[in-house]
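**Student:**
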Amino acid sequence: LDQTLRNLGVTTVVATGVSVNVGITGLCLSAVDLGYQVVLVRDAVAGVPAEYEEAVIEHSLAMVATVVTSAELLEAWA
692 LDQTLRNLGV TTVVATGVSV NVGITGLCLS AVDLGYQVVL VRDAVAGVPA
742 EYEEAVIEHS LAMVATVVTS AELLEAWA
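Right, dumping it as structure tokens:
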């Protein structure tokens, strides 16, 4: 995937989906390690329990990714 994204000139990855517990965290950290900018869409991810999700986003992922809402992302893309 990395080579395909680079060939397409992609520099930013938008992270959405499940689960903040494993998948989203791994995506964000791997993408940053590979040199991509990461945008995490707070209201388009999920984790269990919800308190854990919020803590991981607030105290870990916010350090490596730009955290936005889906409305903010759509406004930026408009």
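Per the working numbering, the sequence shown starts with residue 692, numbered consecutively.
Here a beta-carbon is modelled for each residue, glycine too, at the ideal position from N, C-alpha and C.
Keep in mind it's a predicted model, so treat the numbers as computed, not measured.
1. Using 8 Å for Cβ pairs, my map puts A706 next to L731. What's the rounded Cβ distance?
2. Rounding to the nearest angstrom, what Cα-Cα distance links D698 and Y743 in this structure?
3. Could you compute how far the alpha carbon of L692 sits from the alpha carbon of S710?
4. If you measure from the beta carbon of D724 to each beta carbon in chain B, is any gap under 9 Å?
5. Considering only residues of the same chain and omitting the five flanking positions on each side of V737, which have a CB-CB separation below 7 Å?
6. Considering only their Cβ atoms, is the gap separating L752 from T716 smaller than 9 Å?
**Tutor:** Let me spell this out:
1. For the purposes of this step, residue 706 is taken as the residue at position 15 of the sequence shown. For the purposes of this step, residue 731 is taken as the residue at position 40 of the sequence shown. That pair is a contact at about 5 Å.
2. Residue numbering aside, residue 698 sits at position 7 when the sequence shown is read from its first letter. Residue numbering aside, residue 743 sits at position 52 when the sequence shown is read from its first letter. What sits at residue 698 in the sequence shown is Asn, not Asp. About 36 Å.
3. Here residue 692 is taken as the residue at index 1 of the sequence shown, counted from 1. Here residue 710 is taken as the residue at index 19 of the sequence shown, counted from 1. It is roughly 20 Å from the alpha-carbon of L692 to the alpha-carbon of S710.
4. Given the protein chain composition of this structure (a single chain), no chain B is represented.
5. Stepping through the sequence shown from its first residue, residue 737 is reached at position 46. First, the residue type needs correcting, since residue 737 is Ala and not Val in the sequence shown. Close CB contacts of A737 within its chain, under the 7 Å cut and outside five residues either way in sequence, are with V709, S710, V711 and E744 (chain order).
6. Your numbering for residue 716 matches position 25 in the sequence shown. Your numbering for residue 752 matches position 61 in the sequence shown. At a Cβ-Cβ threshold of 9 Å, T716 and L752 count as neighbours.
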